[in-house]
Structures are given as C-alpha cells and as structure tokens.
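To start, the structure under review is shown below, and the notes come after it.
Residue numbers (UniProt numbering): 1 to 63.
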C-alpha cells in the first residue's frame, strides 16, 4: 500500500479550516470553474461572459 504524503494532523487542520471557511471555499471553487470554462468556451460564450462581466462591474461601481 502506498504511503500517504500528507500527515493526519495536516489533513485534520485542512478539514478544520474548510469547515470554518465555507464561503471562501465556495468562492474559490466557483472562480476555478469559471477559469476552466473560459478555456473550453466558444466565441459566443465568451461574448456573453463579457457582457455579464461588464454589467457586474457597473453594479459594483455604483455601490
């Protein structure tokens, strides 16, 4: 059986951080998914994303 590279203490610490930072984990996961989607998107997808991004930027700047 292969030896684990990550110690039990590190795994426990990682799980504890993830439990305490669920919103941050969701943000990171969604950001990663968006980056991955861009790599496989069609030109139409990218154009739609650009318009959504511009609208979001306007919404954020008007706060």
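Where a beta carbon is used, it is the ideal one built from N, C-alpha and C, also for glycine.
For residue j and residue i, the rounded distance between their alpha carbons
{"i": "residue 132", "j": "residue 50", "result": "Residue 132 lies beyond the stretch modelled for the chain, which goes from 1 to 63, so this question has no answer here."}
{"i": "residue 56", "j": "residue 35", "result": "17 Å"}
{"i": "residue 53", "j": "residue 18", "result": "28 Å"}
{"i": "residue 20", "j": "residue 27", "result": "14 Å"}
{"i": "residue 25", "j": "residue 33", "result": "12 Å"}
{"i": "residue 23", "j": "residue 16", "result": "14 Å"}
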